[in-house]
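When you line the sequence shown up against the numbering used here, it's residues 1478 to 1619, in that order.
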Amino acid sequence: MTGHEVERRALLTPVLLLLLAERQGHGYELVQRLGAFGCAEADPAHVYRLLRGMESAGEVTSHWHASESGPARRVYAITQQGAMNLALWFVRLGDLHGTLHLFLERYVQLDVPGREPGSPQAADGGSPDHARTPDHMRRMRK
């Protein structure tokens, strides 16, 4: 697992809490909804383990929902404790957002040999892939 994957994996708990605060859902649906957060490749087994741990911690509850067109599914919902923890994550991630924003602003200002100041450089030293440059990075360079 790469460092980037580890970082994304560390954010699964607050993202799952957020998704459940938006609306309840069953595990497979939650795995699909993670795609909007750049976690489209999330391991479903890991997500299910997280959900079970979150249920043990009192952050979510679950119940079985019978389906007319398939097997019963475990549907998860956020609890009051989960909502309070989500609010704490909001504060923590807000602090982190400030730090990350400062990092990104300073990175694009680096004077790297062979690169114009304010332009990104691919990790392999090649030219950047502008199609993959996030909008916030393009705005910072302006």
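Each residue gets a CB set at the ideal place from its N, CA and C atoms; glycine is no exception.
Cα separation between residue i and residue j?
{"i": "His1542", "j": "Arg1500", "result": "15 Å"}
{"i": "Leu1570", "j": "Ala1487", "result": "12 Å"}
{"i": "Gln1558", "j": "Gly1547", "result": "32 Å"}
{"i": "Ala1513", "j": "Leu1496", "result": "10 Å"}
{"i": "Phe1580", "j": "Val1524", "result": "30 Å"}
{"i": "Ala1564", "j": "Gly1591", "result": "44 Å"}
Tell me the residue span of the beta strand (DSSP E) that contains residue i.
{"i": "Gly1547", "result": "1547 to 1555"}
{"i": "Val1492", "result": "Val1492 -> not in any beta strand (DSSP E); alpha helix (DSSP H) instead, spanning 1489 to 1499."}
{"i": "Ala1543", "result": "1537 to 1544"}
DSSP puts residue i in a beta bridge; with which residues?
{"i": "Gly1480", "result": "Bridge partners of Gly1480: none, in fact."}
{"i": "His1503", "result": "Val1552"}
Report all residues from its chain with a CB closer than 8 Å to the CB of residue i; omit the five preceding and five following residues, and keep chain order.
{"i": "Leu1527", "result": "Leu1489, Thr1490, Leu1493"}
What does a CB cutoff of less than 6 Å around residue i pick up in its chain, not counting 5 residues either side in sequence?
{"i": "Ala1560", "result": "none"}
{"i": "Pro1521", "result": "Val1508"}
Hey, residue i and residue j are a contact pair by Cβ (cut 8 Å); roughly how many whole angstroms apart?
{"i": "Leu1511", "j": "Tyr1553", "result": "At roughly 13 Å, the Cβ-Cβ gap does not stay under 8 Å, so Leu1511 and Tyr1553 are not in contact."}
{"i": "Gly1515", "j": "Arg1485", "result": "6 Å"}
Provide the residue span of the alpha helix (DSSP H) that contains residue i, from first to last.
{"i": "Val1589", "result": "No alpha helix (DSSP H) contains Val1589, which DSSP labels as neither H nor E."}
Among the residues of its own chain, which have a CB less than 7 Å from the CB of residue i, if the five just before and after it don't count?
{"i": "His1540", "result": "Val1552"}
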